[in-house]
Every structure is written in C-alpha cells, then in structure tokens.
Amino acid sequence: GQQVMQIPQYQHVQEGEDFTTYCNSSTTLSNIQWYKQRPGGHPVFLIQLVKSGEVKKQKRLTFQFGEAKKNSSLHITATQTTDVGTYFCAVYSGAGSYQLTFGKGTKLSVIP
Amino acid sequence: EAQVTQNPRYLITVTGKKLTVTCSQNMNHEYMSWYRQDPGLGLRQIYYSMNVEVTDKGDVPEGYKVSRKEKRNFPLILESPSPNQTSLYFCASRGYPGTATGYTFGSGTRLTVV
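Just so you know, the protein sequences line up as chains A and B, in that order. Reading the first sequence from the start, the letters are residues 1 to 112 in the numbering used here. Reading the second sequence from the start, the letters are residues 1001 to 1114 in the numbering used here.
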C-alpha cells in the first residue's frame, strides 16, 4: 500500500501548550484522513482532506493539506487532558482505492 | 446506533487451535477491512472486502483467512494460530470512496496465542 511517514512518534506537552503532528509522503496523495485513538480505545475518524492547500478546523484542532498534496499536519491549540491519545494519518493507495494505509501514529501525553 | 461489532473482545488460545473472530456492521457499508495493531508498528491491514464475495489481501495477510458471504458480516479466521499473531485486531467498515466519511472501527479483539 501507499507509504506515509508520521512524526514525531511521541510528544509530551504541558496542558495548555500547543501540539502538532506531521504526515509526509514521497508521492502525491489523492486525499488524507486523520484518526484519534484514546488509550484502550479504537480509532475514531476525525476528518478527510482532499484539496491542495486545504485547511479545516474542528474547535481547537486545525488540519492542513500541503500545496503539493504530499504532506499534512494536525495542530491542537492549548491542549487539554482530553486530547490524550494517539493520532494517526491514513491514506488510500490511489483515487477510488479501498486500501487504506495508516501512519505509525503520534502518541500525545498531556501533563496536567 | 450505527456500529461495528466484534466478538470476542478478549481471547486466549493455544498454538494451532483454529479460531474465528466475528465482525458485523449495521450501516449497510460495502467495504470492510481487518487491521492488526502492534506496538511500534501501528495499524496494518490484513484483508479487505469491497463487497459480498469480493475480498483482497492487505499488507500482512499470511496466516489469516476471511469470507464475505453477507454484506454485514466479515469474519477473520486463523486456521492455525501462532504466537506471532498475538495482537490487537480491529474490524472497520465504510461506504464507497468518494464520500467524506472515514472508517468506523469496532472496539477491538485482543488475541493472545500461547
């Protein structure tokens, strides 16, 4: 399947600090999805980005898709303890593909 | 409630004893998939199915089988489990690509093979 690199692997932040995770591909992506997995839970779909340069917001979360559609980021403003978990990006092998490949994820810890 | 249901949630078995993990979805989704999750390796796709009677291998299919006889069910079969198949397994489903929705995941099955 499509390969995607996600960094960092771990991030520890003080509550109230910002957090960003990045997803990078060597090839152009048709779209990218982001998921969150709480400790002991299952992945939950957050958002899908499709257009070059797209920026979407969900409350304190900001998602960006690069102009070249080869990278994406998830930024959390003023983290809270409820943000704890692992954040994954995921990409399809190609347009119309059913095969979804996940990045290895960024595990976020928030220190109260 | 729209959901993907996996059973069992936890399973301990012995090497070589055939087992089946069931997965069922109530959203009339065409596409279903199985993933395994291991520390440091993330989520890796085992098998996926585009519709009834249509299945294909993912990235790590060795040692697994699947079937899709009905749209709602997609069981994962381990004919002869081995310790390296100890893992957390997730079933997921979605509608056709082109929609903005992502996958809905089940709650997971934690399998230990001794």
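Heads up, the beta-carbon is just placed ideally off N, CA and C, and yes, glycines get one too.
Simplified DSSP state of residue i, which is helix, strand or coil
i, result
"P1083(B)", "helix"
"D83(A)", "helix"
"K1071(B)", "coil"
"Q1003(B)", "coil"
"V1052(B)", "coil"
"A1092(B)", "strand"
"L1111(B)", "strand"
"R1009(B)", "coil"
"Q99(A)", "coil"
"L1041(B)", "coil"
"S52(A)", "coil"
"A90(A)", "strand"
"T77(A)", "coil"
"L29(A)", "coil"
"T62(A)", "strand"
"V1060(B)", "coil"
"V1103(B)", "The question names Val, but residue 1103(B) is Tyr in the sequence shown. If DSSP states are grouped into helix, strand and coil, Y1103(B) belongs with coil."
"T1015(B)", "coil"
"K104(A)", "coil"
"N1028(B)", "coil"
Amino acids of chain A, ordered along the chain, whose beta-carbon sits closer than 7 angstroms to that of residue i
i, result
"S1107(B)", "H42"
"Y1047(B)", "Going along chain A, no residue has its Cβ under 7 angstroms from Y1047(B), so there is no contact; the nearest lies around 10 angstroms."
"Y1089(B)", "Within 7 angstroms Cβ-Cβ: nothing; Y1089(B) doesn't reach chain A, min ~11 angstroms."
N- and C-terminal bounds of the beta strand (DSSP E) containing residue i
i, result
"Q3(A)", "Run containing Q3(A): none; DSSP gives neither H nor E here."
"Q37(A)", "32-37"
"S1033(B)", "1031-1038"
"P43(A)", "43-49"
"K69(A)", "Run containing K69(A): none; DSSP gives neither H nor E here."
Cβ-Cβ separation, residue j to residue i (assumed contact under 8 angstroms), whole Å
i, j, result
"L1078(B)", "L1041(B)", "Between L1041(B) and L1078(B) the Cβ distance is about 18 angstroms, and since that is not below 8 angstroms, they are no contact."
"V50(A)", "N31(A)", "4 angstroms"
"S1093(B)", "Y1103(B)", "7 angstroms"
"T28(A)", "Q6(A)", "Going by Cβ atoms, the distance from T28(A) to Q6(A) rounds to 17 angstroms, so no, they are not a contact pair."
"K107(A)", "Y10(A)", "5 angstroms"
"S1024(B)", "R1072(B)", "5 angstroms"
"T1109(B)", "Y1096(B)", "26 angstroms between Cβ atoms; not a contact."
Contacts that residue i makes with chain B (C-beta to C-beta distance below 7 angstroms)
i, result
"G103(A)", "G1042"
Partners in chain A for residue i, counting only beta-carbon separations shorter than 9 angstroms
i, result
"Y1103(B)", "Q33, Y35, P43, F45, A90, L100"
Residue-level contact to chain D via CB, residue i, 8 angstroms cutoff
i, result
"V1114(B)", "The displayed structure is made up of protein chains A and B, and chain D is not among them."
(request) With 8 angstroms as the C-beta to C-beta threshold (strictly closer), list the residues of the segment 1016-1043 of chain B near chain A in chain order. (result) So the close ones are Y1031, S1033, Y1035, G1040, L1041, G1042, L1043.
(request) Could you list the residues in the segment 1053-1083 of chain B with a C-beta less than 7 angstroms from some C-beta on chain A, going in chain order? (result) Within the segment 1053-1083 of chain B, the residues whose Cβ lies closer than 7 angstroms to some Cβ of chain A are G1058, D1059, listed in chain order.
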